[in-house]
Ligand code: GLY
């Protein structure tokens with residue numbers, strides 16, 4: 116089993132990564148003494164609940180509907196109702212057992228229930244293992260924007276059992292790879308090159324390769340979060356492609372494109388902006404595009420998209436600061452930067468270049 120620490124002084128916590136580790140009782144020692152509420156969905160309950168049955172002692176379940184369109188106030192109210200009716204106190208603990216949607220909602224319920232209780236993340240998709248379960252971003256969507264309501268609330272542990280990925284659809288797996296590739300682009304060229312060389316092994320879910328991609332992604336995320344927990348500066352690098360990606364998701368209606376798919380297209384649009392600013396060259400763009408294609412990720416915007424409308428949605432994103440759009444752009448593979456000095460024309464051209 117691998118262990119990575121997210122260093123946040125008193126709020127530091129471990130990320131455990133391994134195959135078939137959910138049956139390990141010792142991982143749950145701390146929380147088994149508390150009142151627990153396990154938040155999950157029907158599918159995960161059916162497929163995977165048996166894996167934690169023996170390790171987790173008191174497991175009252177709250178089943179919520181999964182999917183981006185249910186990441187809303189109604190689901191949160193359902194969680195609050197259950198916790199209140201069953202008299203959960205301030206020293207109880209929520210266990211989020213699911214993908215990014217479950218993790219974000221369970222985390223937000225934990226952040227706000229009685230002004231904040233503990234929670235554990237047990238992510239079940241590649242995307243949530245390498246990104247959303249780590250770093251304490253919790254929240255829900257609003258009809259006017261994704262993740263617009265939320266809070267920073269760190270979990271007390273993240274437990275990643277890579278065996279669970281076996282039941283993930285190919286589409287979901289590839290969407291998770293998008294976040295993995297992101298870490299290579301923003302921070303680690305060697306990692307990016309390693310993914311290129313090991314694409315077949317990763318796609319075949321070779322156990323060692325899977326542990327490697329999850330571990331390296333979590334290491335990079337933990338390092339960045341420890342330096343900038345509340346996204347005052349460098350944590351924003353993790354948002355590469357997200358301003359474009361969130362707008363695509365919002366434009367299409369949440370859930371049509373998976374988050375990982377939308378941000379993959381966003382990486383290329385951001386790269387294209389960087390090329391126009393002469394801070395990146397076309398060969399790097401082509402390398403990123405080839406790797407995204409290798410994982411069947413979109414490299415073009417959805418068909419018939421209205422670029423002006425998409426741009427308008429982008430300007431609602433919370434990455435807008437003092438009325439200026441903030442962009443994360445790659446410099447080359449392994450380096451990225453944050454800028455608000457991009458004119459609308461440049462962005463519109465990059466969007467048009469990716470229209471079908
Ligand atoms: N998913 C980006 C972040 O956690 O900051």
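In this note's numbering, the protein residues as written are 116 to 471. By construction, the Cβ of each residue, glycine as well, lies at the ideal position given by its N, Cα and C atoms. Here the structure is a predicted model, which means the values were calculated and not measured.
With a threshold of 8 Å (Cβ to nearest heavy atom), would residue i be considered close to the ligand GLY?
| i | result |
| --- | --- |
| residue 376 | no |
| residue 196 | no |
| residue 147 | no |
| residue 336 | yes |
| residue 350 | yes |
| residue 346 | yes |
| residue 247 | yes |
| residue 252 | yes |
| residue 353 | yes |
| residue 357 | yes |
| residue 97 | Outside the modelled stretch of the chain, which goes from 116 to 471, sits residue 97, for which no answer is possible. |
How big is the Cα-Cα spacing for residue i and residue j?
| i | j | result |
| --- | --- | --- |
| residue 223 | residue 457 | 33 Å |
| residue 450 | residue 387 | 15 Å |
| residue 130 | residue 343 | 18 Å |
| residue 263 | residue 413 | 25 Å |
| residue 156 | residue 299 | 32 Å |
| residue 235 | residue 128 | 10 Å |
| residue 337 | residue 256 | 25 Å |
| residue 274 | residue 139 | 10 Å |
| residue 228 | residue 123 | 22 Å |
| residue 135 | residue 287 | 20 Å |
| residue 150 | residue 198 | 10 Å |
| residue 231 | residue 192 | 15 Å |
| residue 320 | residue 375 | 18 Å |
| residue 422 | residue 389 | 19 Å |
| residue 424 | residue 148 | 52 Å |
| residue 277 | residue 326 | 7 Å |
| residue 307 | residue 383 | 15 Å |
| residue 172 | residue 312 | 43 Å |
| residue 166 | residue 281 | 13 Å |
| residue 416 | residue 341 | 34 Å |
| residue 268 | residue 469 | 36 Å |
| residue 303 | residue 446 | 12 Å |
| residue 305 | residue 196 | 48 Å |
| residue 332 | residue 119 | 11 Å |
| residue 381 | residue 399 | 15 Å |
| residue 188 | residue 396 | 44 Å |
Please tell me whether residue i and residue j are closer than 9 Å, where the distance is taken between their beta carbons.
| i | j | result |
| --- | --- | --- |
| residue 426 | residue 373 | no |
| residue 239 | residue 194 | no |
| residue 428 | residue 362 | yes |
| residue 250 | residue 350 | yes |
| residue 296 | residue 406 | yes |
| residue 323 | residue 316 | yes |
| residue 271 | residue 146 | yes |
| residue 329 | residue 245 | yes |
| residue 160 | residue 178 | yes |
| residue 252 | residue 364 | no |
| residue 176 | residue 153 | yes |
| residue 439 | residue 460 | no |
| residue 181 | residue 206 | no |
| residue 360 | residue 339 | no |
| residue 204 | residue 285 | no |
| residue 78 | residue 265 | For residue 78 there is no data in the structure shown, the boundaries of the chain being 116 and 471. |
| residue 184 | residue 368 | yes |
| residue 318 | residue 391 | no |
| residue 452 | residue 358 | no |
If contacts are defined as beta-carbon pairs under 8 Å, then residue i and residue j qualify, I think. What distance do you get, rounded to the angstrom?
| i | j | result |
| --- | --- | --- |
| residue 418 | residue 471 | 5 Å |
| residue 215 | residue 247 | 4 Å |
| residue 143 | residue 170 | 5 Å |
| residue 290 | residue 242 | 6 Å |
| residue 444 | residue 385 | 5 Å |
| residue 366 | residue 420 | 7 Å |
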